[in-house]
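Below is one structure, written out as structure tokens; the observations come after it.
There are 2 protein chains.
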Amino acid sequence: MSQGKVLIAQGGGPTAVINQSLVGAVMVSRGFPEVDAVYGAFHGVQGIVNEDFIDLGGETAENLELIAATPCSALGSTRDKPDVKYCQEIFKVLRAHAIGTFFYIGGNDSSDTLRILAEEAANADYALRCIHIPKTIDNDLTVNDHTPGYPSAAKFVVGAFAGVNLDNRALPGVYVGVVMGRHAGFLTAASALARKYDDDGPHLIYLPERDFSIDGFIADVKAAVGKFGRCVIAVSEGIHDETGEPMAAKLAQEVEKDAHGNVQLSGTGALADLLCAAIRDNTDMKRVRGDTFGYLQRSFLGCVSDVDQREARQAGERAAQFAHDGEGDGSVTLHRTGDGENYAAEFRLSPLQDVAGKTKVMADEFIAKDSPDVTGAFVDYLRPLLGSGMPEAFRLEAERVGKILNK
Amino acid sequence: MSQGKVLIAQGGGPTAVINQSLVGAVMVSRGFPEVDAVYGAFHGVQGIVNEDFIDLGGETAENLELIAATPCSALGSTRDKPDVKYCQEIFKVLRAHAIGTFFYIGGNDSSDTLRILAEEAANADYALRCIHIPKTIDNDLTVNDHTPGYPSAAKFVVGAFAGVNLDNRALPGVYVGVVMGRHAGFLTAASALARKYDDDGPHLIYLPERDFSIDGFIADVKAAVGKFGRCVIAVSEGIHDETGEPMAAKLAQEVEKDAHGNVQLSGTGALADLLCAAIRDNTDMKRVRGDTFGYLQRSFLGCVSDVDQREARQAGERAAQFAHDGEGDGSVTLHRTGDGENYAAEFRLSPLQDVAGKTKVMADEFIAKDSPDVTGAFVDYLRPLLGSGMPEAFRLEAERVGKILNK
Numbered sequence: 127m128s129q130g131k132v133l134i135a136q137g138g139g140p141t142a143v144i145n146q147s148l149v150g151a152v153m154v155s156r157g158f159p160e161v162d163a164v165y166g167a168f169h170g171v172q173g174i175v176n177e178d179f180i181d182l183g184g185e186t187a188e189n190l191e192l193i194a195a196t197p198c199s200a201l202g203s204t205r206d207k208p209d210v211k212y213c214q215e216i217f218k219v220l221r222a223h224a225i226g227t228f229f230y231i232g233g234n235d236s237s238d239t240l241r242i243l244a245e246e247a248a249n250a251d252y253a254l255r256c257i258h259i260p261k262t263i264d265n266d267l268t269v270n271d272h273t274p275g276y277p278s279a280a281k282f283v284v285g286a287f288a289g290v291n292l293d294n295r296a297l298p299g300v301y302v303g304v305v306m307g308r309h310a311g312f313l314t315a316a317s318a319l320a321r322k323y324d325d326d327g328p329h330l331i332y333l334p335e336r337d338f339s340i341d342g343f344i345a346d347v348k349a350a351v352g353k354f355g356r357c358v359i360a361v362s363e364g365i366h367d368e369t370g371e372p373m374a375a376k377l378a379q380e381v382e383k384d385a386h387g388n389v390q391l392s393g394t395g396a397l398a399d400l401l402c403a404a405i406r407d408n409t410d411m412k413r414v415r416g417d418t419f420g421y422l423q424r425s426f427l428g429c430v431s432d433v434d435q436r437e438a439r440q441a442g443e444r445a446a447q448f449a450h451d452g453e454g455d456g457s458v459t460l461h462r463t464g465d466g467e468n469y470a471a472e473f474r475l476s477p478l479q480d481v482a483g484k485t486k487v488m489a490d491e492f493i494a495k496d497s498p499d500v501t502g503a504f505v506d507y508l509r510p511l512l513g514s515g516m517p518e519a520f521r522l523e524a525e526r527v528g529k530i531l532n533k
Numbered sequence: 127m128s129q130g131k132v133l134i135a136q137g138g139g140p141t142a143v144i145n146q147s148l149v150g151a152v153m154v155s156r157g158f159p160e161v162d163a164v165y166g167a168f169h170g171v172q173g174i175v176n177e178d179f180i181d182l183g184g185e186t187a188e189n190l191e192l193i194a195a196t197p198c199s200a201l202g203s204t205r206d207k208p209d210v211k212y213c214q215e216i217f218k219v220l221r222a223h224a225i226g227t228f229f230y231i232g233g234n235d236s237s238d239t240l241r242i243l244a245e246e247a248a249n250a251d252y253a254l255r256c257i258h259i260p261k262t263i264d265n266d267l268t269v270n271d272h273t274p275g276y277p278s279a280a281k282f283v284v285g286a287f288a289g290v291n292l293d294n295r296a297l298p299g300v301y302v303g304v305v306m307g308r309h310a311g312f313l314t315a316a317s318a319l320a321r322k323y324d325d326d327g328p329h330l331i332y333l334p335e336r337d338f339s340i341d342g343f344i345a346d347v348k349a350a351v352g353k354f355g356r357c358v359i360a361v362s363e364g365i366h367d368e369t370g371e372p373m374a375a376k377l378a379q380e381v382e383k384d385a386h387g388n389v390q391l392s393g394t395g396a397l398a399d400l401l402c403a404a405i406r407d408n409t410d411m412k413r414v415r416g417d418t419f420g421y422l423q424r425s426f427l428g429c430v431s432d433v434d435q436r437e438a439r440q441a442g443e444r445a446a447q448f449a450h451d452g453e454g455d456g457s458v459t460l461h462r463t464g465d466g467e468n469y470a471a472e473f474r475l476s477p478l479q480d481v482a483g484k485t486k487v488m489a490d491e492f493i494a495k496d497s498p499d500v501t502g503a504f505v506d507y508l509r510p511l512l513g514s515g516m517p518e519a520f521r522l523e524a525e526r527v528g529k530i531l532n533k
């Protein structure tokens, strides 16, 4: 049975391994004789409406492998979220180009776009197979154990906090690092994996799954400084007060909203600066510094988890296989089948509506009850995903020299 | 001739390879029979005054190698800058512990501390050998071709801008990345090495060696957006107006000064946010994002140049050798002896006063005349220092598909 032409596109925020999924789907699709051609659309659904296509059959396997190892959507991305009218435009173009299968690599917004599009195709009685390939550094897709893109971003966050902890230990003070993640704290929680020794930071971890109060925060910081003589803090950009209002929005002079109605939380250092000011005003700590990890955590060239790389590739390959096997529309989902040393995962095709537009947040079992922290269960969950080659910090071990003057 | 006891300490901001220098000096010193003991002082000169010493003879070679590969001062650091009275206190302790050689790993402030201390020792007729081992991510030490610590931080900046460029190409807009470097633009300039294709960012690079004006900046951004449809900008935290006032200080509500009288420029996102606001107010670009690279660029666990690693180690080893050879006080300095493919460098012992308290900025030949950019000479200067294993970005190359509907 002919699949006709295959079209693939990438949506939403880039990840370090999003091109692994692209290349996986392209290579496997190209290998099926019933596939007439494999097109790529530039800048997601925007590129479809504009008929901005590339014929990926013309790419050498060698160049595709180089693309796979390059972070950030090689086809470009978009923040457009199509409504019914937009989908009708998309549809016109798919029909004109005889597209039979559409792979959309993206997060929950992109999967929702696919869901609408699949409905449109069904209504128009057009044989279109819509398959969602998961990616997001936020790790907030339902059904999935975790999401391609998250482990590499988590590895960046671990390397950042491990380094910052060493820096803060050398020159003690208070440090606030603001991490991406609007509703789900998975990426901020990854900072816990930066700890090795008992007194290592981050000493406090604030997730968007729990209400945040400045008073509680100041009390936590004072207690940590009292105990460690310093304090490293990991904060999600999405922290909010008990009414649900984001702390970042509370102080942003101008609130910028994107097409999805989301308040802009990244690309500004305001939240870190506010928290630092609060610490300076309410404690006697002089050395208070704040960083916002910003775009580096999702695009840094040279920080990737090899487990993530492999799984992202497989997600694309499996998508092409599911399309070939004729299992209909769906979202490729990732399920853990082995833990710890025996970590293993497999892919299934789940109904689009189970993933589309939904957001998964951290389970209660991953969040510490009595302190701003994560649990051992979360550490066990994340560790195998970081893959091999995680650098490690070491300390001097020799004995102190006896004092002569200040006995 | 006995050197007595050797003392080593680390000062100033940490780097990714500062412990290579520590371990190099310790291992070589331990091998000389005329060295009675090798002590380390915790937190630089502060630890000397407090007699807070560790007996580094008790460290195994195995643990020292693990320490060498760990970023950030293993002995801890300090921002204290001793005056004559402080040096007399240091001196009392050195005499009590029969310290004959003092190695201080640090930047221009640390070398100035050594210079004062050497004078104090000479005045007191005490046989103390003071040797400065260079380190700074700012690359601003005089006499040196470059400084251990700089290449690894530069590698981080390159990886960051290479990734951000890909991100910005996938989701076009304006991006401002603020890089460390108060007076010297070397680290910001490193962003130029992130470019591979003609239209790659950073498209604009602002260095503290040139006056900055908001009007000129806005005109540059508009021109770049007109040409590329997007714009990636690298900005030094130290940019200042024509009166010399730092742009960051102009807008900081509270200016915090450290013990050296330096205005705090790092650890706040204010400069990036100001520049983004200026772009939003004066152009029609909607997607404007700013990041401040902050402490990640000097401490990130997992980003190191192998050339930097090797040279930092050699700087420590050579310091121990210079002390053993009895060449007197001085600063270990790094000199380039081969270029490009044949890159090579050697170490010399230079007079302390040639380095102490002085600041080197970028030479005119490294700064483009007619645009906010660096020259090819700078790219040639930095490239060999980044070492092996620099990741590279690739692009799709196949042909576009002909339009059917929108012909």
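Protein sequence lines correspond, in order, to chains A and B. Heads up: the first sequence begins at 127 in this note's numbering, then just goes up one per residue. Heads up: the second sequence begins at 127 in this note's numbering, then just goes up one per residue. Glycine is no exception: its CB is placed at the ideal position from the N, C-alpha and C atoms.
- Contact of residue 197/A with chain B is assigned, a C-beta pair being separated by under 7 Å.
- Note that the C-beta distance between residue 180/A and residue 166/A is below 7 Å.
- Straight through space, the alpha carbons of residue 138/A and residue 254/A are spaced by roughly 22 Å.
- Residue contact with chain A for residue 189/B: present (Cβ-Cβ distance below 7 Å to some residue of chain A).
- Contact of residue 264/B with chain A by beta-carbon distance below 8 Å is absent, the smallest such distance being about 15 Å.
- Close CB contacts of residue 423/B within its chain, under the 8 Å cut and outside five residues either way in sequence, are with 263, 279, 282, 283, 286, 305, 306 and 313 (chain order).
- Secondary structure within the region 175–224 of chain A: the beta strand (DSSP E) runs of 3 or more consecutive residues, fully enclosed, are 179–181 (chain order).
- In terms of beta-carbon proximity, residue 400/B stays away from the interface with chain A, with every pair separated by 7 Å or more.
- Rounded to the nearest angstrom, the Cβ distance from residue 359/A to residue 302/A is 5 Å, consistent with a contact under 8 Å.
- Using a 10 angstroms sphere on the CB of residue 441/B, the tally of other CB atoms reaches 16 or more, which defines it as buried.
- The beta carbon of residue 411/A is closer than 7 Å to those of 299, 300, 351 and 405 in its chain, skipping five residues each way along the sequence.
- A check of alpha carbon separations from residue 467/A across 140/A, 507/A and 265/A identifies 507/A as the nearest.
- DSSP places residue 131/B in the strand class (E or B) of the three-state scheme.
- Residue pairing for residue 231/A: DSSP places it in a beta bridge opposite 136/A and 259/A.
- Neighbours of residue 140/B in chain A, taken as residues at a C-beta separation under 9 Å, are given in chain order as 289, 292, 293, 296 and 297.
- Contact with chain B is absent for residue 508/A, since none of that chain's Cβ atoms lies less than 7 Å from the residue's Cβ.
- Look at the beta carbons and you see the region 216–228 of chain B not touching the region 425–441 of chain B: under three pairs across the two are nearer than 8 Å.
- C-alpha of residue 243/B to C-alpha of residue 445/B: approximately 17 Å in a straight line.
- Near chain B, meaning a CB-to-CB distance below 9 Å, the residues of the region 404–427 of chain A are 406, 412, 413, 414, 415, 416, 417, 418, 419, 420, 421, 422, 424, 425, 426 and 427.
- Annotation: the region 422–509 of chain A contains the following complete segments of the beta strand (DSSP E) (minimum length 3 residues), in chain order: 456–464 and 470–476.
- Identification of chain A residues near residue 446/B by a Cβ-Cβ cut-off of 7 Å yields none; the smallest Cβ-Cβ distance measures about 18 Å.
- Taking residue 294/A as the centre and dropping the five residues before and after it, the same chain places the C-beta of 301, 327, 356 and 358 closer than 7 Å to its C-beta, in chain order.
- Its chain contains 506 and 510 as the residues whose beta carbon lies nearer than 8 Å to that of residue 465/A, once the 5 sequence neighbours on both sides are disregarded; these appear in chain order.
- Inter-residue distance for residue 321/B and residue 250/B is about 55 Å (C-alpha atoms, whole angstroms).
- Using beta-carbon distances, residue 527/B counts as an interface residue toward chain A, with a partner under 7 Å.
- When Cβ-Cβ separations below 7 Å define contact, residue 231/A makes no contact with chain B.
- Linking residue 240/B to residue 373/B through their CA atoms gives a straight-line distance of about 33 Å.
- When rounded, the separation of the alpha-carbon atoms in residue 129/A and residue 220/A is 13 Å.
- Contact between residue 290/B and residue 199/A fails: their C-beta atoms lie close to 14 Å from each other, not under 8 Å.
- Of all residues in the region 155–166 of chain A, those with a C-beta nearer than 9 Å to a C-beta of chain B are 163, 165 and 166, reading in chain order.
- The Cβ of residue 325/A sits no closer than 7 Å to any Cβ of chain B.
- Residue nearest to residue 528/B within the set 170/A, 458/A and 176/A is 176/A (criterion: CA-CA distance).
- Between the C-alpha atoms of residue 518/B and residue 228/B there is a straight-line separation of about 42 Å.
- Sequence-distant Cβ neighbours of residue 461/B in its own chain, meaning closer than 7 Å and more than five residues away, are 271, 471, 472 and 474.
- Of all alpha-carbon atoms in 192/B, 347/B and 523/B, the one lying nearest the alpha-carbon of residue 193/A is that of 523/B.
- Within chain A, the residues 176 and 177 have their CB atoms less than 8 Å from the CB of residue 532/B, given in chain order.
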